[in-house]
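Below: the structure, in structure tokens.
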Amino acid sequence: AWEIMDFWSWVRPQREERTLRQILLQRVGASANRLWPKAKVCAYGSHLVESLAVFESDVDMRVDGWTFEAGPSGCQPGLAELEAYRLAQTAALHALRDVISREGWAANLEL
379 AWEIMDFWSW VRPQREERTL RQILLQRVGA SANRLWPKAK VCAYGSHLVE
429 SLAVFESDVD MRVDGWTFEA GPSGCQPGLA ELEAYRLAQT AALHALRDVI
479 SREGWAANLE L
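To get the working numbering, take the position in the sequence shown, counting from 1, and add 378.
Pasting the structure below:
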């Protein structure tokens, strides 16, 4: 059992890395707010559960509050509306990636 605890102590993110991950979320949030003032960046996945996160793992995040003009309210979206939403979402993510890249504090961004 001690071998497992020793291994966990070795692979879990240390305090400095956890702090850097929080700074990352804050910076992505600030960049998103430059595009969409009401945007909020939220982490999900293993990052939120300390017992699942390991060092050098990715940080999964989503952006809430970006804008998309949908069709008339109360209507069920059809395939065309869903495709338009998907395209708008992809364009929004690329716009955010471009803002972050121009700011120069991150590289190798994957969408």
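We treat Cβ as the ideally placed atom computed from N, Cα and C, and that holds for glycine. Note that the structure is predicted; figures quoted are calculated from it, not measured.
Using C-beta distances below 7 Å, list every residue in its chain close to residue i, excluding the 5 sequence neighbours before and after it, in chain order.
i: Ile405; result: Here residue 405 turns out to be Arg, not Ile, going by the sequence shown. The residues are Trp483.
i: Leu487; result: Arg475, Ile478 and Ser479
i: Thr445; result: Trp414
According to DSSP, residue i sits in a beta bridge with which residue or residues?
i: Met439; result: Ala421
Kindly indicate the opening and closing residues of the alpha helix (DSSP H) around residue i.
i: Gln392; result: From DSSP, Gln392 is part of no alpha helix (DSSP H); its letter is neither H nor E.
i: Leu457; result: Leu457 to Glu481
Just to confirm, is the Cβ distance from residue i to residue j under 8 Å?
i: Leu474; j: Leu413; result: yes
i: Val568; j: Val441; result: Outside the shown range of the chain, which is 379 to 489, sits residue 568, and nothing can be said about it.
i: Tyr422; j: Asp436; result: no
i: Ala417; j: Gly443; result: yes
i: Leu465; j: Leu489; result: no
Identify, in the order they occur along the chain, each residue of the same chain with its Cβ nearer than 6 Å to the Cβ of residue i, setting aside the five sequence neighbours on each side.
i: Arg399; result: Val437
i: Ser409; result: Val477 and Ile478
i: Thr397; result: none
By Cβ distance below 8 Å, which residues in the same chain neighbour residue i in space, the five residues on each side in sequence not counted?
i: Gly407; result: Ala417, Lys418 and Val419
At a Cβ threshold of 8 Å, is residue i touching chain D?
i: Ala485; result: This model lacks chain D altogether, as it is built from one protein chain only.
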